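Peer 1: Those letters in the sequence shown? Residues 600 to 740, per the working numbering, in order.
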Amino acid sequence: EVRIAPDFVAGVHYTLQVLCQEYKLGIISDTIHTHGRGLRHLMAQAGILPYFRYYVFSDEVGASKPSPVVFYQAAMGLDVAPTQMVHIGDRESNDIDGPLNLGMKAILFTGLVDRGSQHTQAHAVCRNFVDLPQIVRRIPQ
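1. Starting from His686, follow the beta strand (DSSP E) in both directions and report where the run begins and ends.
2. Per the contact definition of three or more C-beta pairs closer than 8 Å, is the segment 655-667 in contact with the segment 692-704?
3. Report yes if the CB atom of Ile651 is closer than 8 Å to the CB atom of Leu624, and no otherwise.
4. I need the straight-line Cα distance from Gln620 to His718, nearest angstrom please.
5. So, Gly610 versus Phe728, is the Cβ gap smaller than 8 Å?
6. Name the DSSP bridge partner or partners of Cys725?
7. Taking DSSP as the reference, what is the three-state secondary structure of Ile647?
8. Grab me the residues of Asp689's own chain with a C-beta within less than 6 Å of its C-beta, minus the 5 sequence neighbours each way, in chain order.
9. Straight-line CA distance for Val551 to Val655?
10. Whose C-beta lies closer than 6 Å to the C-beta of Lys704 among residues of the same chain, with five residues either side of it excluded?
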């Protein structure tokens, strides 16, 4: 059951198409209004589900960001070390602090709402989703 359908940002198909050719993509999502099964359905309807190789939804793993559980689950599912991962999210406490505590890279996305990018600890800030591939490539590994 889908309670609240998310809005997809402009350029999502182009950006995901570019990124999935260079990187293994995964989703880590806190399922506040819609459970993982519903989000998969929405992503399939929007045509973006195939871009992702692994999905971590908080209702399915019993933990939410910034818990290390969700990030380690994604790393295992994608068969990469957490230190090889770059997490993109829009909340400092959940999407930046959590990954940084595990040695991951993090990008703060402010394209919909800027929740304090001037004070972020993220490796980079992304204001326009189509710029994401270029930003990810610039982050030192």
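Think of the CB as a built atom: it goes at the ideal place given N, C-alpha and C, for glycine as much as any other residue. Note that the coordinates shown come from a computational prediction; the quantities given were computed from them, not determined experimentally.
Peer 2: The short version:
1. Val685 to Gly688
2. yes
3. What sits at residue 651 in the sequence shown is Phe, not Ile. Contact: yes.
4. Rounded to whole angstroms, the separation of the alpha carbons of His718 and Gln620 is 32 Å.
5. yes
6. For Cys725, the beta-bridge partners assigned by DSSP are Phe708.
7. coil
8. So the qualifying residues of the chain are Phe708.
9. Nothing about residue 551 can be reported from this structure: the residues present for the chain run from 600 to 740 only.
10. Val685, His722 and Ile738
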